[in-house]
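Heads up: the sequence shown runs through residues 0 to 215, numbered per numbering that gives the first Met the number 0.
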Amino acid sequence: MKNILLTGFEPFGGETMNPSWEAVKCLDGEILFGDYQIQSVQLPTVFGDAIHQLAQAQARISPVLTLCIGQAGGSSELRVERIAINLDDARIPDNAGNQPIDQPIVPDGPTAYWSTLPIKSIVEVLKENGIPASVSHSAGTYVCNHLFYGLMHRIAESKVEGKGGFIHIPFLPEQVASNRNQPSMSLETIVRGIRIATEVSLRQHEDIRVVGGALD
Ligand code: PCA
């Protein structure tokens, strides 16, 4: 059996839950195509520690695919991230009180890394299955982008094998129920979407050429 690593984050910014962990923990232990087993791990919403604990999980299970998930409050769809940039610029402190401003994640590392997942295929199949999704061209400058960059750097440096990428997900309905006037997506739909994204990533080796760009 080959392993797939799914990660979600602990709650941050005053939230009591993080949909990324709520969703990936539902998929823990699931077997895909009879051959791949999902291992779900929660990571701290802390600069540095998130990458260290990712590295520990990868060393433990040697995944053939690592898919990291994070909350993007205010989003109405699954955002399949295309690019990770070498920058920490935190608008709020992380869960350990760190607030790096304009710092590189890896000094002298490349400015950016591309996701190695078939991002457009993932978005197409999600939409075919009735799940709102789009390609995103910024994972922000907070802990999610930090982890995504750290993941892609580890792959580039051959510290771990396989493909890697990142998907941002909306709030859960219970996070916005009290007067927040923000979009949300049900846990069931998010879980289905992450499962589909994982399956497409395992099966599809070349991405498809369809429109997925943005004007702004
Ligand atoms: N979202 C944050 C960090 C943890 C999470 O779930 C982000 O988008 O950076």
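Every residue gets a Cβ at the ideal spot worked out from N, C-alpha and C, and that includes glycine.
Between the ligand PCA and the CB of His167, the shortest heavy atom gap is smaller than 8 Å. Burial of Gln57 is indicated by the presence of at least 16 other C-beta atoms within 10 angstroms of its C-beta.
Distances taken from the Cβ of Asn85 to the heavy atoms of the ligand PCA include none shorter than 8 Å. The criterion of a C-beta distance shorter than 9 Å is satisfied by Val190 and Ala22. For Tyr35, the enclosing beta strand (DSSP E) starts and ends at 35–42. For Phe147, the enclosing alpha helix (DSSP H) stretches over residues 142–155. Inter-residue distance for Phe170 and Gly163 is about 23 Å (C-alpha atoms, whole angstroms). Taking Thr188 as the centre and dropping the five residues before and after it, the same chain places the C-beta of Ile130 closer than 8 Å to its C-beta, in chain order.
Taking each of Val79, Ile82, Asn94 in turn and checking the Cα distance to Asn17, the smallest one comes out for Asn94. Using a cutoff of 8 Å, the CB of Cys143 counts as near the ligand PCA, since one of the ligand's heavy atoms is closer than that.
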